[in-house]
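Since the structure comes first, as structure tokens, the remarks are kept for the end.
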Amino acid sequence: MAIEAKEVEAIAHLARIQVEDDAIAGYARDLSGILDLVEQMGQVDTEGVEPMAHPWDAAQRLRPDEVTEPNRRDDYQAGAPEVASGLYLVPRVVE
Amino acid sequence: MHQKSVAEISAALHTGETSSRELTDALLARIEQLDPRLNSLVTVTAEQARAAADAADERLRTGEAGPLTGVPLIHKDIFCTDGVATTCGSRMLEPFRAPYDATVVRRLAEAGAVMLGKANMDEFAMGSSNETSYFGPVRNPWDLEAVPGGSSGGSAAAVAGRLAPAATGTDTGGSIRQPAALSGVCGLKPTYGRVSRYGMVAFASSLDQAGPLARTAEDLALLLGGMAGLDERDSTSVDHVVPDYSEALNRSIQGLRIGVPAEFFGEGLDADVRSRVNAALEVLEGEGAELVEVSLPNMELALPAYYVIAPAEASSNLARFDGVRFGYRCAEPQSIEDLYKRSRGEGLGDEVKRRILVGTYALSAGYYDAYYGKAQQVRRLVAEDFRNALEQVDVLAGPTSPTPAFDLGERADDPVQMYLSDIYTLGANLAGLPGLSVPAGFSRGRPVGLQLIGGYFDEARLLNVAHKYQQLTDWHKQVPEGFE
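Heads up: the sequence lines are chains A and B, in that order. Take the first sequence: its position 3, counted from the start at 1, is 3 in the working numbering, and no numbers get skipped. Take the second sequence: its position 451, counted from the start at 1, is 1451 in the working numbering, and no numbers get skipped.
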């Protein structure tokens, strides 16, 4: 299946990834190749086969809803690109 | 001493023949001298290693030591290490310092193991050659023009180059077993859920599993014992008894039924690899094992299913790298969208972007059923093939990878060619089964691996078979030239 340049741009926007103009053709070609590979799955009839989301279909283990972690906000924010007063800073989103 | 296995080092530490500090200093010197040729390490933690070695020596003196106390090892740079860089091979995480240890790191440290450093790897574990690392490719000690395999390529090369007796790795589609095979060492991917994923940077959460690399199966047994077990911090980790993996190593394999899947010996398998693997199977047969031909009819669909499921889960997991809370942020973002897009565009490498784009496409509106839904159905068919085969036999055996190590750059421009290197390994990930690779000879000077796949939680049996094989062969005792 051939992926067009404008589809690459649309997917890249969904994924919030900047792709340079001169790289788009290469991604279109690579994605087309990967989708060709993936489409081999069409050979097999999977009608009625239950999708397998987990290696042995186990249910997620649950735990009591208790506080188990201490507040380490300062530690976690120590590596953030920009913080102030315990908040993560980003460019203004509301004028 | 750098040629010795974990088991031999452990014995020497307990008899006082050497100290952990002496060993650690020697290996750090070796890393300084030899790693410029391999680029297998991203970070060397010399100062911490010496302190940990001294503490281990103290435990050895006071009789509080276990089998891993004082044993030096290297962690793949996907495991978070408190205060030490965890880059995952990416520019995105170059500035990242985790404020906590991964469970694997913590458990091995508590057992007294000494971390020498962090191993290079394919970026976010996406790759089969270790060429996608932001920190440069790793070279194969057996041939510096060859790739070591990936994504745990730094771990495999470091162990093969005798820079450490053991290393940790992770395996989403073959990332422990394939580099182990291509670099001539042993590697074990345990059953999904056997080892905690807490603090391990996530790639594809329904497939990811951590495991050890070392030069002998005996060593893998010791390391797995130190890594495995329930962890409340990973809801997919399993509450299943951790056996003494060393205990079963010497069991007889007389009468063991080894299934040989016809699909592992089809088109695309290198002739030398085929003959090395067949010779290895004959060795096991000579020990009394029975070879049984089995079939995994949907095996050829494992690769396409994998290349939907893994990228889809990756596109979701890697959404967290957005330039806001940690990691790389682009310069002077003009808007929040610009911040996201440029931080990700500049911070992530080509292969990672490619997979995120594939995954985003596969999960986008209108395509979900055709791709992700279909892939999950195919995944069940593949898993059922393994289940059926393992009802007839005790373990499955075949090649780990269809070719020996390829040249650096040889497949870098063709993602689909690169993906074929994992064609025999990713089935075990889809099914969640344990798999092991053990050195089985050479082709034109480059190593070949024999892969063993077992039933759920049957790691002890894989280790037993591999150990028996290593008792009868000396491939693992051969040393790459220049790394004696």
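Even for Gly, the Cβ is constructed at its ideal location relative to N, Cα and C. If you're wondering where the values come from, they're calculated on a predicted model, not measured in any experiment.
C-beta neighbour in chain B for residue i, strict 9 Å
i: A/V67; result: no
i: A/D22; result: no
i: A/G42; result: yes
i: A/G86; result: no
i: A/P70; result: no
i: A/A2; result: no
i: A/E82; result: yes
i: A/A25; result: no
Residue from the options whose Cα sits closest to the Cα of residue i
i: B/Q1209; options: B/H1467, B/G1435 and B/E1384; result: B/G1435
i: B/R1162; options: B/L1284, B/H1240 and B/T1216; result: B/T1216
i: B/A1146; options: B/C1088, B/A1312, B/D1407 and B/Y1100; result: B/D1407
i: B/C1080; options: B/M1115, B/D1350 and B/P1148; result: B/M1115
i: B/S1316; options: B/Y1361, B/V1292 and B/G1255; result: B/Y1361
i: B/D1272; options: B/A1056, B/C1330, B/R1446 and B/P1480; result: B/R1446
i: B/G1174; options: B/Y1306, B/P1099 and B/R1274; result: B/Y1306
i: B/P1095; options: B/G1409, B/V1260, B/A1051 and B/V1084; result: B/V1084
i: A/L62; options: B/D1234, B/P1212 and B/A1012; result: B/D1234
i: B/A1011; options: B/I1176, B/P1067, B/R1037 and B/Q1048; result: B/P1067
i: B/G1184; options: B/A1160, B/R1197 and B/K1118; result: B/A1160
i: B/Y1371; options: A/L35, A/H54, A/E4 and A/D74; result: A/L35
i: B/I1336; options: A/E4, A/R16, A/E7 and A/A59; result: A/R16
i: B/G1427; options: B/V1448, B/Q1376, B/P1333 and B/V1438; result: B/Q1376
i: B/F1264; options: B/M1418, B/V1294 and B/D1239; result: B/V1294
i: B/G1398; options: B/L1108, B/L1296, B/G1112 and B/I1031; result: B/L1296
i: A/A53; options: B/L1291, B/S1421, B/V1382 and B/L1420; result: B/V1382
Chain A residues whose Cβ lies nearer than 9 Å to that of residue i
i: B/V1105; result: Under the 9 Å cutoff, chain A gives no residues; its nearest Cβ is about 17 Å from B/V1105.
i: B/Y1192; result: H54, P55 and W56
i: B/A1490; result: Residue 1490 of chain B lies beyond the stretch modelled for chain B, which goes from 1001 to 1484, so this question has no answer here.
i: B/G1409; result: Within 9 Å Cβ-Cβ: nothing; B/G1409 doesn't reach chain A, min ~17 Å.
Proximity test, Cβ basis, 9 Å: residue i and chain A
i: B/D1322; result: yes
i: B/G1432; result: yes
i: B/T1236; result: yes
i: B/I1423; result: no
i: B/V1358; result: yes
i: B/N1130; result: no
i: B/K1353; result: yes
i: B/I1078; result: no
i: B/S1196; result: no
i: B/R1329; result: yes
i: B/I1453; result: no
i: B/I1336; result: yes
i: B/E1300; result: yes
i: B/D1414; result: yes
i: B/E1094; result: no
Residue environment, residue i, which counts as buried when at least 16 other CB atoms sit within 10 Å
i: B/S1252; result: exposed
i: B/P1190; result: buried
i: A/L89; result: exposed
i: A/D21; result: exposed
i: B/T1024; result: buried
i: B/P1137; result: buried
i: A/V94; result: exposed
i: B/G1016; result: exposed
i: A/E47; result: exposed
i: B/L1060; result: buried
i: B/G1187; result: buried
i: A/T68; result: exposed
i: B/G1454; result: buried
i: B/L1144; result: exposed
i: A/Q18; result: buried
i: B/Q1478; result: exposed
i: B/N1120; result: buried
i: B/G1153; result: buried
i: B/A1289; result: buried
Interface residues of chain B facing residue i [CB-CB closer than 8 Å]
i: A/A5; result: None at all; the shortest Cβ gap to chain B is about 13 Å.
Within chain B, partners of residue i - CB distance below 7 Å
i: A/M52; result: Q1376, R1379, R1380 and A1383
i: A/V49; result: Q1377, R1380 and L1381
i: A/P64; result: Going along chain B, no residue has its Cβ under 7 Å from A/P64, so there is no contact; the nearest lies around 11 Å.
i: A/R61; result: S1235
i: A/V90; result: V1324, I1336 and L1339
Chain-ordered neighbours of residue i on chain A, where CB pairs are closer than 7 Å
i: B/V1308; result: V38
i: B/R1097; result: G79
Residue i: contacting residues in chain A (beta-carbon distance under 8 Å)
i: B/R1342; result: Q18
| Ranges of the alpha helix (DSSP H) found wholly within the region 1086-1133 of chain B, counting only runs of at least 4 | For the region 1086-1133 of chain B, whole alpha helix (DSSP H) runs of length 4 or above, ordered along the chain, are 1103-1110.
| task | Starting from the N-terminal side, write out each stretch of the alpha helix (DSSP H) that is 4 residues or longer and does not extend beyond the region 1294-1345 of chain B. | result | Within the region 1294-1345 of chain B, the complete alpha helix (DSSP H) segments of 4 residues or longer fall at 1302-1317, listed in chain order.
| query | What are the complete alpha helix (DSSP H) segments, minimum 4 residues, inside the region 1235-1297 of chain B? | reply | Qualifying alpha helix (DSSP H) stretches, in chain order: 1271-1286.
| request: Would you mind listing the beta strand (DSSP E) stretches within the region 1134-1213 of chain B that are 3+ residues and don't spill past its ends, in chain order? | output: Taking 3 residues as the minimum length, the beta strand (DSSP E) runs contained wholly in the region 1134-1213 of chain B are 1166-1171 and 1186-1189, in order along the chain.
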